[in-house]
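Line by line, the protein sequences give chains B and C. Numbers given in this note's numbering equal positions in the first sequence, counted from 1, plus 4. Numbers given in this note's numbering equal positions in the second sequence, counted from 1, plus 43. No residue lacks a Cβ here, since even glycine has one placed at the ideal position from N, Cα and C. Since the structure is predicted, the reported quantities are computational estimates derived from the model, not experimental observations. Let me begin by presenting the structure, written as structure tokens, before commenting on it.
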Amino acid sequence: MNATDFRIWILTLAGCACVLNAKADLPTPDPDDGGLKLPQGFHALVVADKLGPCRFLTVAPNGDVYIRNTNILVLHDTKGDGHLDALGSFGVDCGKGQGATGITFHGDYLYYTNKNNVYRYKMTPGQAIPAGDPEKIVQNLPDSGGHEAKSITFDADGNMYIDVGSPYNVYSDHDRAFGAKGKDATDFLKTYGGIWRFKGDVPNQTQADGYRFVTGERHTIAIAMSPVSKQLFGVMMGRDQLNTVDPADYTAEDNAEDDAEEMHLIKDGSNWGWPYSYYDPIKKARMMAPEFGGDNKKQADPGLYDDPVVAFPGHWAPLQMTFYTGTQFPSKYLNGAFVAFHGSWNRAPLPQGGYNIAFVPFDSKGMPVGTYEVFADNFAGVPVIKSVHEAKYRPSGVAMGPDGSLYVCSDNGRIWRIFYTGN
Amino acid sequence: MKRFFFFLPLASLLCGCTQTPDVPAVASPEVLAAGHQVYTANCETCHQPDGYGVPNMQPALVDDDIVAGDPTQIIRVVLQGPATVLPAGRPTYANVMPAFKQLTDEQIADVLTYIRHDYGHGASPIAVDQVHTVRAQFGL
Chain B
5 MNATDFRIWI LTLAGCACVL NAKADLPTPD PDDGGLKLPQ GFHALVVADK
55 LGPCRFLTVA PNGDVYIRNT NILVLHDTKG DGHLDALGSF GVDCGKGQGA
105 TGITFHGDYL YYTNKNNVYR YKMTPGQAIP AGDPEKIVQN LPDSGGHEAK
155 SITFDADGNM YIDVGSPYNV YSDHDRAFGA KGKDATDFLK TYGGIWRFKG
205 DVPNQTQADG YRFVTGERHT IAIAMSPVSK QLFGVMMGRD QLNTVDPADY
255 TAEDNAEDDA EEMHLIKDGS NWGWPYSYYD PIKKARMMAP EFGGDNKKQA
305 DPGLYDDPVV AFPGHWAPLQ MTFYTGTQFP SKYLNGAFVA FHGSWNRAPL
355 PQGGYNIAFV PFDSKGMPVG TYEVFADNFA GVPVIKSVHE AKYRPSGVAM
405 GPDGSLYVCS DNGRIWRIFY TGN
Chain C
44 MKRFFFFLPL ASLLCGCTQT PDVPAVASPE VLAAGHQVYT ANCETCHQPD
94 GYGVPNMQPA LVDDDIVAGD PTQIIRVVLQ GPATVLPAGR PTYANVMPAF
144 KQLTDEQIAD VLTYIRHDYG HGASPIAVDQ VHTVRAQFGL
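Here it is as structure tokens:
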């Protein structure tokens with residue numbers, strides 16, 4: 005082979021590679037797709053790993069990934085092969101654990117939360133790590149040491165929505181205990197168990213400056229706005245331990261299957277029924293909680309509380325949600341939602357569930373059709389999960405990149421980039 | 044085997060200063076099986092079938108010093124709940140364990156014997172009398 009032949013051979017080989025990789029700007033996936041099970045034609049690459057505890061992530065217009073841990077960590081593809089390298093971290097008062105959760109871009113700003121406050125940094129194109137101090141937008145939101153995570157979502161008018169979760173499974177005299185009796189939650193719900201609306205750009209707001217948009221919900225940090233209907237949707241973490249509280253009326257299997265994770269339309273003035281009720285996806289009915297006289301048969305009075313628009317299996321633990329607005333994926337995904345399910349602990353003796361990224365189809369009017377499908381699976385790395393400890397990875401965040409790839413992170417610091425090649 | 048059986052009573056005598064006379068030196072298979080049943084019905088949903096708990100939500104029992112430690116303290120944790128019994132400065136978790144005083148003395152002795160055996164490096168069994176004494180002492 006002379007030099008000219010060699011050049012032709014190389015060019016031919018490169019051409020074949022381009023044909024094989026129909027979208028030439030996509031990276032080469034891992035041979036095992038990073039251990040994930042994906043629909044036909046999708047592949048994945050582990051783009052970063054061993055980042056430590058992580059929660060939500062978001063992707064900048066230039067493809068840099070910003071992920072929440074005890075700071076805000078910035079990752080950039082320096083080599084152009086899809087793998088991300090840490091550029092550095094920044095942030096003040098970032099919190100830790102569940103408190104270190106929320107992060108999102110909005111306009112020229114990067115917003116983030118700890119368990120009590122919302123901050124934002126002004127971002128400058130070409131400058132991955134912002135200079136100076138952040139601006140505090142909301143301060144002193146309550147928390148009581150459980151389900152304290154806060155996330156941030158904006159509507160089309162720039163209003164900001166923050167959930168203040170409940171530290172309790174159910175508001176009662178002995179939470180999670182056998183025989184627990186429910187208490188009147190009216191006062192409690194004045195500051196907890198709701199979604200509050202704030203101005204997105206006014207500094208130093210308190211909860212009293214906000215408007216309680218939704219009440220009667222336990223904890224909802226998977227919130228996003230449909231790009232079509234401009235409506236906000238949220239997936240609530242449902243209650244636990246029906247059979248612990250009332251073993252006479254509920255089996256362990258009832259507890260595992262009969263209390264849904266509920267996706268709701270977030271509309272002004274709605275009440276989702278917590279702590280008085282829960283939604284049973286098998287009976288397709290809103291049931292009274294055993295702490296409030298429920299016996300696995302008694303339904304809540306009709307019309308009091310919203311029914312979910314999609315009911316997921318119990319205890320899957322929804323964390324981050326994003327709508328898909330890209331064109332890389334097949335068109336069925338356009339304007340549908342992806343939800344990161346952290347995975348259950350409260351389904352024993354049945355196998356645990358969740359530990360996946362679910363896809364929720366939406367119709368042409370931007371409303372959910374009522375179903376879901378598991379999109380990305382096998383984060384746990386074992387076919388059957390009996391105990392949480394057995395799971396290798398638990399999804400904690402999902403966000404879309406500028407090229408339409410889906411970025412997913414786990415709570416122990418691995419990031420996958422999922423993309424569609426059609427092969 | 045003969046030497047093992049010979050030394051077992053001697054070991055019991057040497058360790059006897061920390062145990063009441065009624066506490067068996069080793070857990071019987073029957074008690075461990077009964078304790079496992081109590082664990083499955085009352086504990087495993089939070090502490091998980093393998094005893095490793097759930098990060099940030101409920102603590103692991105495996106290798107836990109409180110599980111393997113002072114019998115009176117761990118009996119009180121079950122009867123009164125950890126928030127009442129354990130020091131305020133300890134690591135805490137999102138979900139607070141309720142009191143399980145509705146369990147019988149025998150159920151509590153069995154389940155504590157089971158978790159101390161399986162997750163607590165074979166810490167000493169808990170006798171029914173010990174649970175009875177603690178329950179009476181604290182008016183539970």
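- Quickly, what does DSSP pair Thr128(B) with across the bridge? List them, please. According to DSSP, which records beta bridges pairwise, Thr128(B) is partnered with Gln131(B).
- Quick one: what does DSSP say Glu149(C) is sitting in, helix, strand or coil? DSSP, reduced to helix, strand and coil, places Glu149(C) within a helical segment of the structure shown.
- Output, in chain order, the set of chain B residues within a Cβ distance shorter than 7 Å of Thr88(C). Neighbours of Thr88(C) on chain B, chain order: Gln245, Thr248, Asn350 and Ala352.
- Message: Against Phe182(B), what residues of chain C qualify as contacts under a CB-to-CB distance less than 8 Å, listed in chain order?
- Response: Here the neighbours are Pro141, Phe143 and Gln145.
- With 16 other CB atoms within 10 Å as the buried threshold, where does Asp310(B) fall? Burial call: buried.
- Item | Within-9 Å CB hit, Gly182(C) to chain B | Gly182(C) does not count as touching chain B.
- Item | Nearest-angstrom beta carbon gap, Gln150(C) and Val74(C) [assumed within contact, 8 Å] | That pair is no contact at about 11 Å.
- Helix, strand or coil: which one does DSSP assign to Glu152(B)? In the three-state reduction of the DSSP assignment, Glu152(B) falls in the coil class, being assigned neither a helical nor a strand state.
- Task: Give the DSSP-derived three-state secondary structure of Asn427(B) in the structure shown.
- Result: Looking at Asn427(B) - three-state DSSP - the assignment turns out to be coil, as it is neither helix nor strand.
- Taking the Cβ atom as the reference point for each residue, do Gly370(B) and Lys234(B) lie within a distance shorter than 9 Å? Taking 9 Å as the cut-off, the Cβ atoms of Gly370(B) and Lys234(B) count as close.
- Item | Sequence-distant residues of its chain with Cβ nearer than 8 Å to Pro102(C) (five each side left out) | His90, Gly96, Pro134 and Tyr136.
- Under 9 Å by beta carbon: chain B residues contacting Tyr95(C): Proximity of chain B to Tyr95(C) at the Cβ level (cut-off 9 Å) is accounted for by Ser391, Val392, His393 and Glu394, in chain order.
- Message: Are the CB atoms of Asn144(B) and Asn121(B) within a distance shorter than 9 Å?
- Response: Going by C-beta atoms, Asn121(B) is nearer than 9 Å to Asn144(B).
- Item | 8 Å contact criterion, which Gln324(B) and Ala226(B) should meet: CB distance rounded | Cβ-Cβ separation between Gln324(B) and Ala226(B): approximately 6 Å, consistent with a contact (criterion under 8 Å).
- Query: For Asn382(B), which residues of its own chain have a beta-carbon under 7 Å away from its beta-carbon, when the five flanking residues on both sides are left out?
  - Reply: Within the same chain, Asn382(B) has close Cβ partners Gly39, Leu40 and Lys41.
- Within 10 angstroms of its Cβ, does Glu221(B) collect 16 or more other Cβ (buried), or is it exposed? Glu221(B) is buried by the Cβ-count criterion.
- Hey, is Ala137(C)'s beta-carbon within less than 9 Å of any beta-carbon in chain B? Yes, because at least one Cβ of chain B sits closer than 9 Å to the Cβ of Ala137(C).
- Query: For the alpha helix (DSSP H) that contains Glu295(B), what are its first and last residues?
  - Reply: Element bounds for Glu295(B): n/a, residue is neither H nor E.
- Residues from the region 118-130 of chain C in contact with chain B, defined by Cβ distance under 7 Å: Cβ contacts with chain B come from no residue of the region 118-130 of chain C.
- Task: Using a Cβ cut-off of 9 Å (strictly closer), state whether Gln150(C) contacts chain B.
- Result: For Gln150(C), the answer is no, since every Cβ of chain B falls outside 9 Å of its Cβ.
- Query: Under a three-way DSSP split, which group does Lys336(B) fall into?
  - Reply: DSSP places Lys336(B) within a helical segment (H, G or I) once states are collapsed to three.
- At what residue ranges does the region 236-303 of chain B contain a whole run of the beta strand (DSSP E), taking only runs of 3 or more? With a minimum length of 3 residues, the continuous beta strand (DSSP E) runs that stay inside the region 236-303 of chain B are 236-240, 265-270, 281-284 and 289-292.
- Item | Within 9 Å, strictly: CB atoms of Ala264(B) and Pro207(B) | No. Outside cutoff.
- Task: Quick one: list the residues of chain C neighbouring Gln102(B), beta-carbon separation under 8 Å, in chain order.
- Result: Chain C residues near Gln102(B): Asn99 and Ala137.
- Span of the alpha helix (DSSP H) around Pro194(C): Only positions 44 to 183 of chain C appear in this structure, which leaves residue 194(C) out of reach.
- Message: Three Cβ pairs or more, each shorter than 8 Å: is that satisfied between the region 289-308 of chain B and the region 243-253 of chain B?
- Response: They touch, by the three-pair rule.
- Message: Once DSSP output is grouped into helix, strand and coil, what is the label at Val128(C)?
- Response: Val128(C) falls in the helix class under three-state DSSP.
- Query: For Pro231(B), which residues of its own chain have a beta-carbon under 8 Å away from its beta-carbon, when the five flanking residues on both sides are left out?
  - Reply: Around Pro231(B), the same chain offers Phe327, Thr329, Asn339 and Gly370 as residues with beta carbons nearer than 8 Å, after the five sequence neighbours per side are excluded.
- Just how far apart, CA to CA, sit Val174(B) and Met240(B)? Between the alpha carbons of Val174(B) and Met240(B) lies a gap of roughly 14 Å.
- Determine the direct distance from the alpha carbon of Tyr123(B) to that of Gln245(B), and round the result to whole angstroms. Their backbone Cα atoms lie some 35 Å apart in a straight line.
- Query: By the 10 Å Cβ neighbour count, where 16 or more other Cβ atoms means buried, how is Asp112(B) classified, buried or exposed?
  - Reply: Result: exposed.
- Is Ser176(B) closer than 9 Å to Pro279(B) when the C-beta atoms are compared? Yes, the pair counts as a contact, with Cβ atoms nearer than the cut-off.
- Message: Here's a check: name, in chain order, each residue in its chain whose Cβ is nearer than 8 Å to the Cβ of Leu53(C), leaving out the five neighbours to either side.
- Response: Unreliable positioning characterises Leu53(C) in this predicted model, as indicated by a pLDDT of 41, which lies under 50. The coordinate reading is nonetheless provided below. No residues qualify anywhere along the chain.
- Buried or exposed: where does Val139(C) fall if 16 or more other Cβ atoms within 10 Å of its Cβ makes it buried? Buried, since its Cβ has 16 or more Cβ neighbours within 10 Å.
- Sequence-distant residues of the same chain with beta carbon closer than 7 Å to Gly99(B), five excluded per side: Within the same chain, Asn118 and Lys119 come within 7 Å of Gly99(B) by CB-CB distance, once the 5 residues on both sides are set aside.
- Task: Could you tell me whether any non-hydrogen atom of the ligand SAH is closer than 8 Å to the CB of Gly214(B)?
- Result: Among the ligands in the structure shown, none appear at all, so the ligand SAH cannot be discussed.
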